[in-house]
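K.L.:
Using this note's numbering, the first residue of the sequence shown is number 31, and each one after it goes up by one.
Every residue gets a Cβ at the ideal spot worked out from N, C-alpha and C, and that includes glycine.
The model shown is predicted, which means the values in this text are computed figures rather than measured ones.
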Amino acid sequence: MRVSKDSTLLEPMNLGSMHLQVSRSHALRLWIMMRVVGSGVLAGASLVDNEREHAGSQAMAAAMQKHIKPK
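(1) Taking only the alpha-carbon atoms, compute the straight-line gap between I11 and H56 and give it to the nearest angstrom.
(2) Taking the straight line between their C-alpha atoms, what separation do you get for A93 and H84?
(3) Pull up the distance between the alpha-carbon of V68 and that of A75, whole angstroms please.
(4) K96 to N80, Cα distance in whole Å?
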């Protein structure tokens, strides 16, 4: 922002293509960060699911062992 001569009006500075370039690279950086963070979150979630599933199958196996006692 730039103050005009009478200092009552604020007018945006015209940065032109430089501003566009900065915003584009910033958007790209943001997109990359979101992809990295998103994939990290997804990997963490699938890891938790795998652990939960493994614990569930172990519990199921233990329950079946108790039910089916050898005679």
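P.N.:
In short:
(1) Only positions 31 to 101 of the chain appear in the structure, and residue 11 is not among them; the question remains open.
(2) C-alpha separation (whole angstroms): 14 Å.
(3) For the record, residue 68 in the displayed sequence is Gly; it is not Val. Rounded to the nearest angstrom, the two C-alpha atoms are 10 Å apart.
(4) Distance between the alpha carbons of K96 and N80 is about 24 Å.
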